[in-house]
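In our numbering, the protein residues as written are 8 to 337. Note that the Cβ used here is the ideal one computed from N, Cα and C, for glycine as well.
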Amino acid sequence: MKTKTRFASLKKRTNDRLLTLSLRLTGLGLNVVNYLAPKLSVEWGYTLFGKTHRYAPQKPELAWREKAHHHTLWQGGKKLSVLSWGHGPSILLVHGWNGRGTQLTPFIAPLLERGYQVIAMDALSHGLSEGNHTNLFHFSESVRTVGTAFGPLSGVLAHSMGGAATTLAIDSGMEANRLVFIAPPVNPINWVHQFSKTLGLSRRMVQHFHHYLAERFGRRWQQVQTFELQSKMQNKLLIFHDTEDREVPFQASQEQVKYWNDSQLILTQGLGHFRILQDPKVIAHSIKFLTDPGLEASRSEPSKGGYFHEKTNEENIQTIQSPMDSLIPA
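Below you can see the structure in the form of structure tokens.
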């Protein structure tokens, strides 16, 4: 058994090193091409930046997929896959980058028990939907397309980039009453920085890439780099973010609640970017917020056992103590 474990660990380290080497070599190629043909290099970089990867769903996800009603919508001539369960007011589940709607299946049963219809979408280039390349704005159009088809929505529960996409979709006219964002990013410039760092891009290449994105997306690219959209939002918002999230720093959510009119941030510890989707307290508090019409985002009362409040810039920030994790000192 120990031999198998050591072999698996060695195999993973080897694969990680090979991947890192491959990415660095790609970055080197981009840097070289940038000196010879700048336009070609940024177009190549954009292709890599927006390429998505699909991962196999877990067994519980497959079980929920079998029980679902399957719907097909269209976005830009491509098929958009949507699953639904139950009847009643609709709540939309929105996955993150390289994710799929069924990643949020832990939230389905509690919502069905409360008499809601649950909608799980796969954005274009994700899950069962068509395509293999996208960006935040196409992602948000997927959210708006589904939200409008099944709307007006009672609520939206979104993970990671799904939160940013949902904000853009609402700004484009999608109706939704209450929102729960889990580990949402704020400024897409941070994604560009991470992409550039991973590939080891030169300063010259990074500058050209920034300029290319600004020209390609214009005003919308400028909007998502500020809190202009958040300051306009009137929807009630509850955010969960883990202080040990390695994908999206929790400080992004701390900034967001300063600008969103009716919002609350709940910090967790030790759950990271993905395990937070399985945490019983996160699930229970999310369901209560989405389905209790008398619960205000900025005034919600914490459950007993391991919660405390910390007032920051007139916003209510709490920390949940997960059954296996420790409270963050106040």
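Looking at the structure shown, is Thr109 part of a helix, part of a strand, or coil, going by DSSP? Sequence index remark: in the sequence shown, residue 109 carries index 102 (1-based). Looking at Thr109 - three-state DSSP - the assignment turns out to be helix.
Pairwise C-alpha distance: Phe144 and Ser179: Position 172 of the sequence shown, counting from 1, holds the residue named residue 179. Position 137 of the sequence shown, counting from 1, holds the residue named residue 144. Taking the straight line from one Cα to the other gives about 11 Å.
Straight-line CA distance for Thr141 to Asn268? Indexing the sequence shown from 1 puts residue 141 at position 134. Indexing the sequence shown from 1 puts residue 268 at position 261. Their Cα atoms are separated by approximately 30 Å.
Extent of the continuous beta strand (DSSP E) to which His78 belongs: Stepping through the sequence shown from its first residue, residue 78 is reached at position 71. Its beta strand (DSSP E) spans residues 76–82.
Alpha carbon of Leu206 to alpha carbon of Pro300, nearest angstrom: Sequence index remark: in the sequence shown, residue 206 carries index 199 (1-based). Sequence index remark: in the sequence shown, residue 300 carries index 293 (1-based). In a straight line, the C-alpha of Leu206 is about 47 Å away from that of Pro300.
Rounded straight-line distance, which links the Cα of Asn139 to that of Arg211: One-based indexing of the sequence shown puts residue 211 at position 204. One-based indexing of the sequence shown puts residue 139 at position 132. When rounded, the distance between both Cα atoms is 28 Å.
Cβ atoms of Leu160 and Gly169: under 8 Å apart, would you say? Numbered from its first residue, the sequence shown carries residue 169 at position 162. Numbered from its first residue, the sequence shown carries residue 160 at position 153. Result no, Cβ atoms of Gly169 and Leu160 do not sit closer than 8 Å.
Continuous alpha helix (DSSP H) stretch holding Ser48: start and end: Your numbering for residue 48 matches position 41 in the sequence shown. Counting along the chain, the alpha helix (DSSP H) containing Ser48 begins and ends at 45–56.
Report the residue from Leu37, Thr109, Gly95 whose alpha carbon sits nearest the alpha carbon of Pro64. As a first step, residue 64 must be located in the sequence shown, where it is residue number 57. Cα-wise, what sits closest to Pro64 is Thr109.
To the nearest angstrom, how far is it from the Cα of His217 to the Cα of Ser149? Translated into positions along the sequence shown, residue 217 becomes position 210. Translated into positions along the sequence shown, residue 149 becomes position 142. Approximately 24 Å, taken between the alpha carbons.
According to DSSP, simplified to helix, strand and coil, what is Leu236? The residue labelled residue 236 in the question sits at position 229 within the sequence shown. In the structure shown, Leu236 sits in a helix (DSSP, three-state: H, G or I).
Pop quiz: Val289 and Phe247 are said to be a contact at Cβ under 8 Å. What is the actual Cβ separation, rounded to whole angstroms? Here residue 289 corresponds to residue number 282 of the sequence shown, with the count starting at 1. Here residue 247 corresponds to residue number 240 of the sequence shown, with the count starting at 1. Yes, they are in contact, since the Cβ atoms of Val289 and Phe247 sit about 5 Å apart, within 8 Å.
Touching by the beta-carbon criterion (3+ pairs, under 8 Å), the region 227–245 and the region 77–97: no
Lys46 versus Gly158: straight-line alpha-carbon distance, rounded: Residue mapping note: residue 46 aligns to position 39 of the sequence shown, counting from 1. Residue mapping note: residue 158 aligns to position 151 of the sequence shown, counting from 1. Taking the straight line from one Cα to the other gives about 42 Å.
Pull up the distance between the alpha-carbon of Lys66 and that of Val101, whole angstroms please. Stepping through the sequence shown from its first residue, residue 66 is reached at position 59. Stepping through the sequence shown from its first residue, residue 101 is reached at position 94. Roughly 19 Å separates the two Cα atoms.
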